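Right, one structure below, let's go through it.
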Amino acid sequence: MKYLYHFLLILTCSNIYAQPYFTTSKNGFLLDNGIVSREIIFPHDSIYSYKLILNEETKNFITESPEFSFLIDDQLYNGFSGWKISGQKAIKDATGGKGLQILLSCKTLPIDLELNYMLYPNLPIIRKWISITNHDMNDLKLEEVIIEDLETRLDFVSSVTYHNYGRMKNLGRFIGNWDDPVVVIHNISARRGLALGNEAPSILKRTTYHSNNGNNIEVGLTHREQDFPFRKWLKPNETWTSPKVFVGLYSGRDDGFEIIENEVNEFVIKHMTPRIVQLKDKPTFVYNTWYPFRTFINDSLIREAALAASQCGIQEFILDDGWQINHSGISSEKGWGNNYGDWEVDTIKFPGGLKPTFDYIASLGMKPGLWISIGAATKDARVFQEHPEWFVQDK
C-alpha cells in the first residue's frame with residue numbers, strides 16, 4: 000500500500016524550542032512546541048502511521064493509523080483513500096495557539112479536506128479539526144466522522160479507560176457518550192497514557208477504545224448504530240467544519256485522572272475559551288446532585304460536595320432525588336426504591352431533617368434547592384392509596 004503522510008508524535012522533557020510551532024522539510028512538516036512534536040511526512044498518496052513517543056522505552060505507542068475517517072454516501076474514506084496535497088499554511092488563535100493547516104484533494108471523489116492542528120505553550124496537547132468541501136454537483140451524505148482515528152500499541156489487558164468525567168473506570172471495549180468530554184486511556188504497567196478530548200456538542204460525542212476489536216482509538220461524532228447518529232447533507236460548494244478534538248500525552252503516572260486535573264484543566268481555562276467564559280454578565284451557576292450521585296446522597300456527602308461547589312463559584316445547590324423515604328418507613332440508603340408522592344425526609348440519611356443541611360449550604364453563600372416530582376406518585380405512596388381518583392392510571 001502506498002502512503003500519503005507519516006505522523007510522529009513525541010513527548011519530550013525539554014522546553015527550549017521557540018515559536019513558530021511548525022517547520023517545513025523536504026519530506027513534510029514538523030509541529031513542535033518544545034513539549035510535544037508531531038512529524039508529518041508525505042511520500043505517496045495515503046496516510047502512513049502516527050507514532051507517539053514518550054521516551055526511549057515507549058517508542059511504539061501508536062502504530063499504522065487511518066488518521067481520520069468518515070462515510071460519504073455510505074462509502075468509507077480515510078487516510079488510505081488516496082489524497083493529494085494542494086496547499087498548506089500557518090494558523091493561530093487568539094489564545095496563543097499556533098499550528099498548521101494542510102489542504103488535501105481526494106483522488107476518487109470531488110471533495111477537499113482540510114486538516115488543522117494546533118499546539119499551545121507549555122502543554123503536551125495537540126488540538127485537531129477537519130473541514131470538508133463538496134465540489135460535486137449533487138448533495139453528499141456525510142456520516143460517522145472520526146477526527147482522530149488511531150491504532151495504538153497499548154496493552155489491552157492492562158489498560159483502563161477513565162470515563163464519565165473521569166470518575167469511573169472501564170476495562171475492555173469502550174464507547175463513550177455525552178458524559179465523556181474527556182476520556183483517558185491509561186496503561187497501568189507502563190504508567191502512561193492519552194487524554195482524548197471531544198468538543199462535539201452534547202449527545203453527538205463519540206470517543207472509543209477497542210471498538211474494532213483492535214487497540215484503536217476514535218474521537219469524533221456518533222455513528223449510525225448509536226442512539227443519536229450524526230448526519231450532514233453537504234450541498235454543492237458547501238464547506239462543513241467539524242467540532243474540535245484534542246489528544247493530551249503523559250507518562251510516569253499511576254493515575255490517569257491526573258492529566259485531567261492538571262494539563263487538560265489548564266488547556267480548558269486558557270485556550271478552549273467556551274462562550275460562557277467570554278460573557279461579561281454570567282448566568283446563575285447551579286449544581287444538581289443527580290450527576291454523579293443519583294439517589295445515593297446523605298448529609299455528610301452533601302456537605303462535602305457543597306463546600307467544593309462553593310469554592311467553584313456555584314450560586315445555587317440543588318438536592319435531587321434520594322432525600323425522601325418510602326411510605327413503609329424503610330430508608331432509601333441503598334439508593335433506588337424511593338417512593339414518590341408523600342415526600343417525607345429520610346432521617347437515616349438526614350438525621351436532623353433537611354433544615355441543617357440547607358442552613359449549611361446557605362452559610363457557604365449558595366441558595367439551596369430541592370427536587371420534587373410534584374405530579375407523580377408510586378403505588379405504595381399514602382396519597383395514591385387514599386386518593387387513587389386523583390391519578391391517571393392508564394397509558
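Here the sequence shown stands for residues 0 to 394, numbered as in numbering that gives the first Met the number 0.
The beta carbon of each residue, even a glycine, is placed where N, CA and C say it ideally should be.
From a predicted model like this one, the values you see are computed outputs, not experimental measurements.
| Item | Value |
| --- | --- |
| Quick one: what's residue 162 bridged to in DSSP? | 167 |
| I want to know whether the segment 180-194 touches the segment 161-171 - three or more CB-CB distances under 8 Å. | yes |
| On a CA-only basis, which of 85, 20, 80 and 122 is nearest residue 263? Give me that one, please. | 122 |
| In this structure, does DSSP put residue 377 in helix, strand or coil? | coil |
| Verify whether the separation of the beta carbon atoms of residue 118 and residue 20 is less than 9 Å. | yes |
| Specify the secondary structure class of residue 387 as computed by DSSP and reduced to three states. | helix |
| So, is residue 365 buried or exposed, given that buried needs 16 or more other C-beta atoms within 10 angstroms? | buried |
| For residue 101 and residue 202, I'd like the C-alpha separation in whole angstroms. | 29 Å |
| For residue 271, which beta-bridge partners are listed by DSSP? | Paired residues: none, contrary to the question. |
| Can you give me the start and stop residues for the alpha helix (DSSP H) that residue 291 sits inside? | 289-292 |
| Relative to the C-alpha of residue 90, which candidate in 135, 244 and 30 has its C-alpha closest? | 30 |
| Counting C-beta neighbours from all protein chains within 10 Å, is the total for residue 224 16 or more, i.e. buried, or is it exposed? | exposed |
| Between residue 339 and the rest of its own chain, which residues show a CB-CB distance below 7 Å, the 5 nearest in sequence each way excluded? | 372, 375, 376, 377 and 380 |
| Distance, Cα to Cα, residue 350 vs residue 298? | 8 Å |
| Which ranges does the alpha helix (DSSP H) cover as unbroken runs of at least 4 residues, wholly within the segment 230-284, from first to last along the chain? | 274-277 |
| How far does the beta strand (DSSP E) with residue 359 in it extend, from its first residue to its last? | Here residue 359 belongs to no beta strand (DSSP E); instead the alpha helix (DSSP H) covers 354-362. |
| Could you check whether the segment 201-215 touches the segment 146-159, counting it as contact only if at least three pairs of C-beta atoms, one from each stretch, sit closer than 8 Å? | yes |
| In the DSSP assignment, what residue or residues form a beta bridge with residue 155? | Beta-bridge pairing links residue 155 to no other residue. |
| Check whether the segment 280-290 and the segment 130-145 touch, using three or more Cβ-Cβ pairs below 8 Å as the test. | no |
| Looking at C-alpha atoms only, which residue of 124, 125, 87 and 94 is the closest neighbour of residue 112? | 87 |
| With distances taken between CB atoms, is the gap from residue 406 to residue 186 smaller than 9 Å? | The structure shown does not extend to residue 406, since the chain is modelled only from 0 through 394, so no value can be given for it. |
| Look up residue 298 in the DSSP assignment and say whether it is helix, strand or coil. | helix |
| Decide if residue 98 is buried, meaning its Cβ has at least 16 other Cβ atoms within 10 Å, or exposed. | buried |
| Taking buried to mean at least 16 other C-beta atoms within 10 Å of its own C-beta, is residue 385 buried or exposed? | exposed |
| Using beta-carbon positions only, say whether residue 241 and residue 146 come within less than 9 Å of one another. | yes |
| With a Cβ-Cβ cutoff of 9 Å, do residue 296 and residue 318 count as a contact? | yes |
| By how many angstroms is the C-alpha of residue 309 removed from the C-alpha of residue 128? | 35 Å |
| Apart from the five residues just before and just after residue 289, which ones in its own chain have a Cβ nearer than 6 Å to its Cβ? | 319 |
| Comparing alpha-carbon positions, which option in 341, 200 and 388 lies nearest residue 221? | 200 |
| Leaving aside the five residues before and after residue 75 along the sequence, list all residues of the same chain whose C-beta is less than 7 Å from its C-beta, in chain order. | 68 |
| Less than 8 Å between the CB atoms is what I'm expecting for residue 193 and residue 206, so what's the real figure, rounded? | At roughly 11 Å, the Cβ-Cβ gap does not stay under 8 Å, so residue 193 and residue 206 are not in contact. |
| State the start and end residues of the unbroken beta strand (DSSP E) segment that holds residue 203. | Residue 203 -> no beta strand (DSSP E), and no H or E assigned at all. |
| My understanding is that residue 239 touches residue 233, with C-beta atoms under 8 Å, so please give their C-beta distance in whole angstroms. | 6 Å |
| By DSSP, does residue 306 sit in helix, in strand, or in coil? | helix |
| Thinking residue 368 and residue 316 are a contact (beta carbons under 8 Å), I'd like their distance in whole angstroms, please. | 7 Å |
| Taking a contact to mean a Cβ-Cβ separation below 9 Å, would you say residue 324 touches residue 345 in this structure? | yes |
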